[in-house]
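Chemist:
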DNA sequence: GGCGGGGAAACATCCGAGGTCTGCGTGAAG
DNA sequence: CTTCACGCAGACCTCGGATGTTTCCCCGCC
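Spelled out as structure tokens, the structure:
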């Protein structure tokens, strides 16, 4: 095994074992390198890798620190990974969302406070009559994020957030701006909101299911026709 | 932004844009470095980082290649991330499993073939009467993995697989080997299997829910008493 | 046709030098 | 006494080159 991978494992081990706690500062490059028995160059590769997944945080002129290791932080890194997936797997991701979002929505219907709900309403009201694509995507994303947040489970929230990555979503909306899809989406968002505001978990779950399934169905049709047209 | 991060983005861009397809080979370090306008050292840091999340695959003496980018490969990297989470977030992860596993089990009940089901049965039979902790964990993990695989959705499968990381699971089992928990778990596995074999999605879903919720409840109690005892 | 040797290519590792940024103590000005 | 600018030390950033290791593949031999 390359020394760099070994270094990654060792640093991981130091964190998992508790030797390095969240927020702790690592020894300086030179010291840690000699302690792990490798060169600074190789150590830097290991640190950079752990940096990409948000486990370490290097600050130039200061030092290298262990991040808070909060679920949100670590799962956010997954967004980066999801970006790499090609169109033919989008449906699989959407199917997972179809499982997670209704559950999160039901939980949110039970847990969201009145002020949370008021903010959700403001979000819906804040959308123009004929919004730009960017505004639409941002609003849609924020709406679902607020609900996921309302589930009270940070892992669930981050996961949903990552799965509906900006790239995927933007790509979908780009073709969805036509027709009456915008109006229908708005209606469904409103229905989801109403169910949450009424604290009706099962109703909220159903509307969320309908909503995601609608997107899924539309996407399936679009991809299908694109396939037959393209090849 | 550091040149290394820039390089990561550029390489990512080359892949997402299609300039580099899965399986393609990257230019050699020296060439790519000069093309991206940085030194080999810095480029190597970028490559190493993308390597950790399984986007690139470097083979000494050969070259650097783009991986298949399959969901399984990329989401497997998440296992690495999940390992970093501390005990106090395990419940949140388990709550997500409680959402995903029943759904996957229901899907599996509809989709698994007779030969798949036969293999699942063999797995259950293969467990000794008084298994070691290692055997128990391996068997349990494999049982749930097969079911997740049977859902037909690779993303869902990998996600479930990652969430029930070996570390977490092992830690749970370590305290669960006593008492009648082993027998109860075996019973529930059997019930899940029966429901799948009978192709009864809703029954399978319910048993899976019961199963995961049981673990969740037990863990909540254990963590609770540990907290009150420890502090 | 099969097999083994040898060379070329590419990555792995290390080292050392200069550059840049940050945090913080110091000291003067208000 | 408080505030702010200055400057130093520490730590990371980037670079270029040199050497070791592994793999691939062509070529000659059996």
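Residue numbers (my numbering), protein chains in the order written: chain A, 2 to 232; chain B, 2 to 232.
Backbone N, C-alpha and C fix where the C-beta goes; we use that ideal spot for every residue, glycine too.
Let me confirm a value: residue 136/A is counted as buried when at least 16 other C-beta atoms fall within 10 Å, else exposed. Which label applies?
Modeler: Around the Cβ of residue 136/A, a 10 Å sphere holds fewer than 16 other Cβ atoms; the residue is exposed.
Chemist: With a cut-off of 8 Å, does the C-beta of residue 203/A fall near any C-beta of chain B?
Modeler: It does not; no Cβ of chain B falls within 8 Å.
Chemist: Near residue 185/B, what residues of its chain come up, given a Cβ to Cβ distance below 8 Å and the 5 sequence neighbours on each side ignored?
Modeler: 215
Chemist: Alpha carbon to alpha carbon, how far is residue 45/A from residue 50/B?
Modeler: 10 Å
Chemist: With DSSP collapsed to three states, give me the class of residue 168/A.
Modeler: The answer is helix: DSSP assigns residue 168/A an H, G or I state.
Chemist: Give the DSSP-derived three-state secondary structure of residue 17/B in the structure shown.
Modeler: helix
Chemist: Is the separation between the beta-carbon of residue 76/B and that of residue 160/B shorter than 8 Å?
Modeler: Yes, the pair counts as a contact, with Cβ atoms nearer than the cut-off.
Chemist: With DSSP as the reference, please indicate the residues paired to residue 58/A in a beta bridge.
Modeler: 66/A
Chemist: So, are the CB atoms of residue 190/B and residue 125/B less than 8 Å apart?
Modeler: yes
Chemist: Quick check: is the beta carbon of residue 50/A nearer than 8 Å to any beta carbon in chain B?
Modeler: Taking a beta-carbon distance threshold of 8 Å, residue 50/A counts as an interface residue toward chain B.
Chemist: Can the beta-carbon of residue 56/B be found closer than 8 Å to that of residue 85/A?
Modeler: yes
Chemist: Beta-carbon within less than 6 Å of residue 13/A's beta-carbon, same chain only, minus the 5 sequence neighbours each way: which residues are those?
Modeler: So the list is empty, once near-sequence residues are dropped.
Chemist: Going by other Cβ atoms of all chains shown within 10 Å of its Cβ, with 16 needed for buried, is residue 2/B buried or exposed?
Modeler: Under this definition residue 2/B is an exposed residue.
Chemist: Which residues does DSSP list as the beta-bridge partners of residue 26/A?
Modeler: 66/A
Chemist: Under a Cβ-count criterion, where at least 16 other Cβ atoms within 10 Å of its own Cβ denotes burial, should residue 231/A be classed as buried or exposed?
Modeler: Legend: pLDDT at residue 231/A = 43, less than 50; position of this residue unreliable, no value from coordinates given.
Chemist: Under DSSP, the alpha helix (DSSP H) around residue 154/A begins and ends at which residues?
Modeler: Run containing residue 154/A: none; DSSP gives neither H nor E here.
Chemist: Can you check which of these residues, 53/A, 42/A, 139/A and 30/A, is closest to residue 62/A by C-alpha distance?
Modeler: 30/A
Chemist: Considering only C-alpha positions, which residue in the set 220/B, 20/B and 163/B is nearest to residue 182/B?
Modeler: 220/B
Chemist: Within the same chain, show all residues whose beta-carbon is closer than 7 Å to that of residue 33/A, passing over the 5 residues directly before and after it, in chain order.
Modeler: 27 and 44
Chemist: What is the residue span of the alpha helix (DSSP H) that residue 81/A lies within?
Modeler: 72-83
Chemist: Does the distance from the C-beta atom of residue 67/A to that of residue 21/A stay below 8 Å?
Modeler: yes
Chemist: Can you give me the C-alpha to C-alpha distance between residue 120/A and residue 166/A, rounded to a whole angstrom?
Modeler: 23 Å
Chemist: Would you list, in chain order, the members of the region 135-150 of chain B that have their beta-carbon closer than 9 Å to a beta-carbon of chain A?
Modeler: Per Cβ criterion, the list is empty.
Chemist: If we ignore side chains and look at the alpha-carbon of each, how far apart do residue 149/B and residue 212/B end up?
Modeler: 15 Å
Chemist: Among 209/B, 198/B and 134/B, which residue has its Cα nearest to the Cα of residue 173/B?
Modeler: 134/B
Chemist: The region 17-30 of chain B: which residues have C-beta closer than 7 Å to a C-beta of chain A, in chain order?
Modeler: Of all residues in the region 17-30 of chain B, 17 have a Cβ within less than 7 Å of some Cβ in chain A.
Chemist: Just the chain B side, please: which residues come within less than 7 Å of residue 46/A by C-beta, in chain order?
Modeler: Near residue 46/A (Cβ distances below 7 Å), the residues of chain B are 45, 46 and 49.
Chemist: Kindly say whether residue 171/A, judged by its beta-carbon, lies nearer than 8 Å to any beta-carbon of chain B.
Modeler: no
Chemist: Using a Cβ cut-off of 7 Å, pull out every chain A residue sitting near residue 104/B, in sequence order please.
Modeler: 100
Chemist: How big is the Cα-Cα spacing for residue 217/B and residue 115/B?
Modeler: 31 Å
Chemist: So for residue 231/B, helix, strand or coil by DSSP?
Modeler: Reliability of the predicted coordinates at residue 231/B is poor, the pLDDT of 44 falling under 50, and no value is obtained from them.
Chemist: Kindly indicate the opening and closing residues of the alpha helix (DSSP H) around residue 106/B.
Modeler: 91-112
Chemist: Cβ closer than 8 Å: which chain A residues qualify as neighbours of residue 86/B?
Modeler: 70, 72 and 75
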